[in-house]
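When we follow the numbering used here, the leftmost residue of the sequence shown carries the number 562, and every step to the right adds one. Here a beta-carbon is modelled for each residue, glycine too, at the ideal position from N, C-alpha and C. Reading through the structure tokens given below for one structure.
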Amino acid sequence: MKSMKKELIAFLGLCTVLFMGCPGGVDDPPVVPPTPPSTENQAPSVPALVFPANGGDCTNISLELKWNPATDPEGDPISYVVEIATSGNFSPVLFSATTSEAARSFDLEKGTAYHWRVRARDTKGNESAHSPVHTFFTEPEAAVNHVPQVPEIVSPALGATVREDSAEMKWKVGDSDNDPLRSHLYFGTENPPPSHRDNLETTTEEVTVEVGKAYYWRIVVRDDKGGVAIGPVWSFTVE
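Set out below in structure tokens:
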């Protein structure tokens, strides 16, 4: 009889151990579902500037700036925003342009120190940080040639209001050496304005505009000896 009691106690103890060790018992830790992967779209990598070299001298003032292409984690198409200034804090930005290529050409003045930087932007609107700023210098103006005169505005007058769906922009250019001149028009709703038309032999250009918007424009004029003059940014609004 005692033997049967011992066997029964042993059996009950074994059941208790098995019950406490089964999944779902009171001592089991809570089940935590796995964290789903992030679906947030990531910004492209920061472009690396290539040319001109930082601190370098440039003899050609019609200059093509180059950088290494950025990469995007999701493989989104990338565009680049290039900014040029004569001050290291980019206040103000002298030129700004957006391009899908890893290079962009600008007409610059001789004998000037320029600072430039690039940031990458994907089609989802995500932007990288700016690249490190590089500085370069353009060759001083030779004494045998004078740069063109700074372009002057004719119309629309600075701050004018246009009440049409198009605007005819006019400006004056001049050169003390009477060299042939060509104008490069920058125009758009951004300030500074992006490139619009290059190598214009005339001093007038008609553009399409929209009601309720402000437009900015400037002229860069170049002679046939490489002399360049950069005009100020002008603006008008459309009602």
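Per DSSP, His745 is one residue of the beta strand (DSSP E) stretching across Leu742 to Gly749. When Cβ pairs closer than 8 Å are counted between the two stretches, the segment 716-732 is seen not to touch the segment 637-655, the count staying below three. Distance from the CA atom of Ala664 to the CA atom of Leu610, rounded to whole angstroms, is 10 Å. For Lys627, the three-state secondary structure derived from DSSP is strand. Around Tyr777, the same chain offers Asn752, Pro754, Val794 and Ser796 as residues with beta carbons nearer than 6 Å, after the five sequence neighbours per side are excluded. In this chain, the beta strand (DSSP E) harbouring Thr696 covers His695 to Thr699. Its Cα nearest to that of Ala604, the residue Pro638 stands out among Thr660, Ala790, Val772 and Pro638. Between Arg680 and Val694, the C-beta gap is not smaller than 7 Å, which leaves the two residues out of contact. Within the same chain, Ser727 and Glu729 come within 6 Å of Glu767 by CB-CB distance, once the 5 residues on both sides are set aside.
For Ile791, the enclosing beta strand (DSSP E) covers residues Val789 to Ile791. Setting aside the 5 residues that flank it on each side, Lys685 is surrounded in the same chain by Asn602 and Asp637, each with a C-beta closer than 7 Å to its C-beta; the list follows chain order. In the same chain as Lys774, and ignoring 5 residues on each side of it, the C-beta atoms closer than 8 Å to its own belong to Thr750, Thr798 and Val799, in chain order. Taking all protein chains shown into account, Leu655 has 16 or more neighbouring C-beta atoms within 10 Å of its C-beta and is therefore buried.
Taking the CA atoms as reference points, Asp740 sits about 8 Å from Lys786.
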